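Structure first, then comments.
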Amino acid sequence: MSNRPFLSTALTGVLLTATGCSTTSVADLQQHAPREVYKTDKPTEAVMRCIVENLGRLGAPNTYTRPDGTTVLHFTLENDTSAIFTFSPGQLEVRTISRIVPFRKKTEACI
545 MSNRPFLSTA LTGVLLTATG CSTTSVADLQ QHAPREVYKT DKPTEAVMRC
595 IVENLGRLGA PNTYTRPDGT TVLHFTLEND TSAIFTFSPG QLEVRTISRI
645 VPFRKKTEAC I
């Protein structure tokens, strides 16, 4: 018997409790300052592919391109956006709802 559903539910509860909110949308999270800003010379597509592979346990990400040309990749856990990666030429900004989301080492390995 797998503990995966329990762990997912428990992690979601911890994330929501830590942030003090019941839902987090992409727009809400984008209003926050980035937790990290990285510089990179690698192509956006290569960095995105690496991040998706490394953070896949957060679920299937959604991707879109804004009118200003930046690309946004966001992961959603239990209907709450848990991490947003915003790509612009030479730069990557990361926003998360909680410090618990383990993105640093995995992101740094991609840039």
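Letter by letter, the sequence shown follows residues 545 to 655 in the numbering used here. We put the beta carbon where it would ideally sit given N, CA and C, even for glycine. Remember, it's a predicted structure, so these values are computed and weren't measured experimentally.
Under DSSP, F629 shares a beta bridge with L617, V638. Note on geometry: alpha-carbon atoms of K650 and R639 lie some 14 Å from one another. It is roughly 12 Å from the alpha-carbon of N606 to the alpha-carbon of I595. The residue among V570, A571, L617 with its C-alpha nearest the C-alpha of G600 is L617. Taking a C-beta distance under 8 Å as the contact criterion, F619 and G603 qualify as a contact pair. Under the three-state reduction of DSSP output, K650 falls in the helix class. The residues V616, in chain order, have a CB closer than 7 Å to that of R610 in the same chain once the five nearest residues on each side in sequence are set aside. Secondary structure at T588: helix, using DSSP grouped into helix, strand and coil. Straight through space, the alpha carbons of E580 and E652 are spaced by roughly 10 Å. A627 is classed as buried because its beta carbon has at least 16 other beta carbons within 10 Å across all chains shown.
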